[in-house]
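Residue numbers (our numbering), protein chains in the order written: chain F, 146 to 373; chain Y, 146 to 373.
Ideal Cβ placement from N, Cα and C applies to all residues, glycine included.
Report on the following structure.
There are 2 protein chains.
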Amino acid sequence: MKKNTGEQHLRFAVLAVDVALMTVRDGRLLIRLAPVHRPPHFPNSKGLPGGLIDPKETAEEAALRIVKAKGHVESTVYMEQLYTFSELNRDPRGRVVAVGYIALIPWDELSTSEREDTDDAWWVPIEEARGLAYDHDLIRKTAHNRLRARATYTTIVSKLMPTEFTLTDLERVYESILKTDLDKRNFRKKILKIQVLTALNRKRTGGAFRPAELYRFTSPSVKEIEIL
Amino acid sequence: MKKNTGEQHLRFAVLAVDVALMTVRDGRLLIRLAPVHRPPHFPNSKGLPGGLIDPKETAEEAALRIVKAKGHVESTVYMEQLYTFSELNRDPRGRVVAVGYIALIPWDELSTSEREDTDDAWWVPIEEARGLAYDHDLIRKTAHNRLRARATYTTIVSKLMPTEFTLTDLERVYESILKTDLDKRNFRKKILKIQVLTALNRKRTGGAFRPAELYRFTSPSVKEIEIL
DNA sequence: CCAAAAGTGTTTTTCCTACACCCATGT
DNA sequence: ACATGGGTGTAGGAAAAACACTTTTGG
C-alpha cells in the first residue's frame with residue numbers, strides 16, 4: 146500500500162455540492178437555476194446552485210447552506226442525497242468531486258421574494274432546464290428520475306405540499322411528477338387507504354363550485370409505502 | 146461569494162472509497178472484510194476494503210481497483226454507488242470523505258484462491274460482521290438495506306448468480322437476501338412471468354434426484370421490475 | 001340556473017396466496 | 001425400491017382498473 150505520496154496527492158480534489166432544488170407550482174415541476182459565469186467554458190450560463198464544502202461541515206450541511214445562499218430560500222427544505230459525481234473532467238478548470246442533492250420545498254412556503262425570478266435565481270419547468278453548465282444536465286436528469294421513482298413507493302411528495310391541501314391538489318402534484326393522468330376515484334381510494342393523510346374537517350371555499358375537504362400529512366417523515 | 150481562502154481551505158479533505166463487497170455461498174450472504182491496523186483507535190480491527198481515490202481516476206474506478214487489491218478479487222464485479230459519508234469525525238485521524246459502493250460477485254466466479262480466507266481478507270456472513278472500524282458498521286448496514294430493497298424491484302440478484310443456475314438456486318439467493326421463505330410454486334410463476342430468464346434446455350444432473358432445468362438471465366443489465 | 005370542480009360505488013379483471021402430490025434420477 | 005430434490009395446478013380472496021353521475025357552491 147502506498148503511503149504519503151505527498152499532500153497534493155492526498156488532497157488533490159475540491160469537494161463541492163450541487164443541489165437540484167425543486168418545487169411544484171400550478172401542476173408544474175420547477176427546478177431552481179442559478180447563473181454560472183466561468184469563461185471561457187461557461188460564459189453567461191445557467192446551472193444548479195452549487196458550491197464548495199467547508200472544512201467544518203458535512204456535505205448535507207453544505208447543501209443546506211447553498212440552497213439558502215444561491216437558491217435564495219430561507220424556509221426549511223427537505224434534503225436527500227442523490228449521487229456523487231466524480232468524473233475527471235466534469236469541471237474543466239480542475240478536479241471537482243460533487244455530492245449531488247435533491248431538495249424539495251412547497252411552493253406555498255416560499256416567501257414572495259423567494260418566488261421571484263431575480264437576477265441570480267430562476268424557477269424553470271424542469272423539462273425546459275437544458276444546456277446547463279458542467280454536468281448539471283446529468284445531475285438534473287438523475288434527480289428527476291430519482292424523484293419520480295421515490296414518488297411511487299414513498300411519501301416524498303409530502304415535502305412538496307403545503308401543510309393544508311385538497312386531494313385534487315395532491316393528485317395534481319403526483320401527475321406532474323409521474324407525467325401520467327391518474328383516475329380521480331382510484332387515486333382517492335388508494336391514498337386514503339394507506340393512512341398517511343389526516344382530514345382537517347375544514348373545507349377550502351372560494352371557487353364557484355363545491356368546497357373541497359382539506360387534508361394534511363399525518364407524519365412529517367418520508368415513509369415507504371405500497372406502490373401508487 | 147468567497148474565493149481563494151487558500152489551498153488548505155479548498156482541498157481540506159481526503160477522498161476515499163469503501164466497498165461492501167458481497168457474495169452468496171450456500172444460501173448465506175457474505176461480505177468481504179479486510180484487516181485495519183490503525184492504533185490507537187483501531188488496532189487489529191476489521192473493516193471494509195477501502196482506500197484513497199487517485200487524482201486520475203473516478204470514484205468507481207478507485208472502488209474497482211480496491212476490490213482487486215484489498216478484496217483479492219480478479220474477476221469482474223458489479224459496482225453500484227451506495228452513499229457518500231461525510232461526517233466530520235468518521236475517521237479520527239482527519240477529515241476523510243468516503244464514497245461507499247456496493248460490489249457483487251457470484252461465488253462461483255471466484256477462483257479457488259479468491260474464495261480462501263487469507264491473512265488479509267475474509268468472507269464472513271453479513272450479520273456476523275459487527276464491530277468494524279471507522280463507520281463501517283453503518284456502511285455495512287446501509288449496503289445491506291439497499292441490496293434488500295433493490296432485490297425486490299430490480300434484477301440486481303443476477304449479479305450474484307453464476308451464468309447457469311436452477312430456479313431453486315435463484316430462490317435460495319432471494320431467500321438469503323430477503324431473509325424470508327418463499328413459496329416454491331409462486332416464486333417460479335412470478336420469476337418466469339417477468340421474462341428475464343432464458344431456459345437453456347439443458348439440465349443439471351448429478352444428484353440422486355430429478356435433474357433441474359438450467360436458466361440464465363437474458364440480459365446482463367440490472368432492470369427495474371415489478372415487486373417480487 | 002348555469003358553470004365548475006368535488007365527491008362517491010360497483011363491476012370486472014388481474015394478481016397474490018395457500019396448498020399437496022407426482023416425477024426423474026442415483027444408489 | 002427408496003430417498004432426494006424437481007416440478008406442476010387450482011381455488012379463493014384481495015387488490016387494481018375501468019367507468020359516470022350527483023353535489024355544492026359562486027356568480
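Exercise for the section: For the alpha helix (DSSP H) containing Val212(F), list its first residue and its last residue. Expected result: Counting along the chain, the alpha helix (DSSP H) containing Val212(F) begins and ends at 204 to 214.
Practice task
Drop a sphere of 10 angstroms on the beta-carbon of Leu155(Y), count the other beta-carbons inside from all chains shown, and report buried for 16 or more, exposed for fewer.
Solution key: That one is buried.
Practice task
Determine the burial state of Ala353(Y): buried for a count of at least 16 other Cβ atoms within 10 Å of its Cβ, exposed for fewer.
Solution key: Around the beta-carbon of Ala353(Y), fewer than 16 other beta-carbon atoms lie within 10 Å, marking it exposed.
Practice task
Kindly examine the ligand HEM and report whether one of its heavy atoms sits closer than 7 angstroms to the Cβ of Pro237(F).
Solution key: In terms of ligand content, the structure shown is empty, and the ligand HEM therefore cannot be addressed.
Problem - Cβ separation of Ala344(F) and Tyr360(F), assumed to be a contact under 8 angstroms, to the nearest whole Å - result: With a Cβ gap of about 6 angstroms, Ala344(F) and Tyr360(F) count as contacting.
Practice task
Return the first residue and the last residue of the alpha helix (DSSP H) that Phe332(Y) is part of.
Solution key: Secondary structure note for Phe332(Y): its alpha helix (DSSP H) is the uninterrupted segment 329 to 338.
Exercise for the section: Would you tell me roughly how many angstroms separate the C-alpha atoms of Ile198(F) and Thr263(F), rounded to the nearest one? Expected result: Cα to Cα, Ile198(F) sits roughly 25 angstroms from Thr263(F).
Exercise for the section: Label Asp171(Y) either buried or exposed according to how many other C-beta atoms from any shown protein chain fall within 10 Å of its C-beta, with 16 as the threshold for buried. Expected result: Here Asp171(Y) is exposed: its Cβ has fewer than 16 other Cβ atoms, across all protein chains shown, within 10 Å.
Practice task
Give the DSSP bridge partners of Leu292(F), in chain order.
Solution key: In the DSSP output, where bridge partners are listed per residue, Leu292(F) has none listed.
Practice task
For Ile211(Y), collect the residues of the same chain with a Cβ closer than 7 angstroms to its Cβ; drop the 5 residues on either side in sequence, then sort them by chain order.
Solution key: Close CB contacts of Ile211(Y) within its chain, under the 7 angstroms cut and outside five residues either way in sequence, are with Val162, Val164, Pro194, Gly195, Gly196 (chain order).
Problem - Cβ pair Glu369(Y), Thr299(Y) closer than 8 angstroms - result: Going by C-beta atoms, Glu369(Y) is nearer than 8 angstroms to Thr299(Y).
Practice task
Measure the alpha-carbon distance for Thr257(F) versus Ser220(F) and round it to whole angstroms.
Solution key: Cα to Cα, the separation comes out at about 12 angstroms.
Exercise for the section: At 7 angstroms on the CB atoms, spell out the chain F contacts of Pro184(Y), in chain order. Expected result: Near Pro184(Y) there are no residues of chain F at all, since even the closest Cβ is about 15 angstroms away, more than 7 angstroms.
Exercise for the section: Say whether the segment 241 to 250 of chain Y touches the segment 247 to 256 of chain F, bearing in mind that this needs 3 or more beta-carbon pairs closer than 8 angstroms, one atom from each stretch. Expected result: The segment 241 to 250 of chain Y makes no contact with the segment 247 to 256 of chain F: fewer than 3 CB pairs, one atom from each, lie closer than 8 angstroms.
Exercise for the section: For Arg238(F), collect the residues of the same chain with a Cβ closer than 8 angstroms to its Cβ; drop the 5 residues on either side in sequence, then sort them by chain order. Expected result: So the qualifying residues of the chain are Arg183, His186.
Handout entry: Contact list for Lys191(Y) against chain F, beta-carbon separation under 8 angstroms
Key = Taking the beta carbon of Lys191(Y) as reference, no residue of chain F falls within 8 angstroms; the closest one sits roughly 16 angstroms away.
Handout entry: Spatially closest choice to Tyr223(Y) from Phe230(Y), Asn234(Y), Glu206(Y), by CA coordinates
Key = Scanning Phe230(Y), Asn234(Y), Glu206(Y) for the CA closest to the CA of Tyr223(Y) turns up Glu206(Y).
Practice task
Would you kindly work out how many angstroms separate the C-alpha atoms of Val159(F) and Leu277(F), rounded to a whole number?
Solution key: For Val159(F) and Leu277(F), the distance between alpha carbons rounds to 20 angstroms.
Exercise for the section: Give a yes or no on whether the minimum CB-CB distance between Thr263(F) and chain Y is below 8 angstroms. Expected result: So, not an interface residue.
Problem - Spatial neighbours of Ile372(F) in its chain, beta-carbon cut-off 7 angstroms, leaving aside the 5 residues before and after - result: Same-chain partners within the cutoff: Thr297, Tyr298.
Exercise for the section: Return yes when the Cβ of Asp265(F) is within less than 8 angstroms of the Cβ of Pro180(F), no when it is not. Expected result: For Pro180(F) and Asp265(F), yes; Cβs fall inside 8 angstroms.
Handout entry: Neighbourhood of Asp253(F) by C-beta, 7 angstroms cutoff - its chain only, sequence neighbours within 5 removed
Key = Contacts found: Pro307.
Handout entry: Candidates Leu178(Y), Thr313(Y), Leu283(Y), of which the one nearest His217(Y) by Cα
Key = Taking His217(Y) as reference, the option from Leu178(Y), Thr313(Y), Leu283(Y) with the minimal CA-CA separation is Leu178(Y).
Practice task
Grab the span of the alpha helix (DSSP H) containing Thr257(F) for me, first residue to last.
Solution key: Per DSSP, the continuous alpha helix (DSSP H) segment holding Thr257(F) begins and ends at 257 to 260.
Exercise for the section: Look at the Cβ atom of Leu312(Y), then the Cβ atom of Thr203(F), and state whether they are nearer than 8 angstroms. Expected result: Cβ atoms of Leu312(Y) and Thr203(F): not closer than 8 angstroms.
Practice task
Output, in sequence order along the chain, the residues in the segment 150 to 173 of chain Y whose CB is closer than 7 angstroms to any CB in chain F.
Solution key: Residues His154, Leu155, Arg156, Phe157, Ala158, Val159, Leu160.
Handout entry: Close-in-space but distant-in-sequence residues of the same chain around Ser190(F) (CB under 6 angstroms, 5 per side omitted)
Key = Excluding its 5 nearest sequence neighbours in each direction, Ser190(F) has C-beta neighbours in its own chain below 6 angstroms: Val181, Ala278, listed in chain order.
Practice task
Would you mind telling me which residues of chain Y sit closer than 8 angstroms to Glu232(F), beta carbon to beta carbon, in chain order?
Solution key: Chain Y residues near Glu232(F): Thr203.
Practice task
Closer than 8 angstroms by C-beta to Ala208(F): which residues in its own chain qualify, once you throw out the five before and the five after it? Chain order, please.
Solution key: Cβ neighbours of Ala208(F) beyond the five flanking positions: Val162, Val164, Met224, Val244, Tyr246, Ala248.
Handout entry: Cβ-Cβ distance between Leu227(Y) and Arg291(Y) below 8 angstroms
Key = Closer than 8 angstroms, so yes.
Handout entry: Residues from the segment 209 to 236 of chain F in contact with chain Y, defined by Cβ distance under 7 angstroms
Key = Sequence-ordered contacts of the segment 209 to 236 of chain F with chain Y read Gln226, Tyr228, Thr229, Ser231, Glu232, Leu233 [C-beta pairs closer than 7 angstroms].
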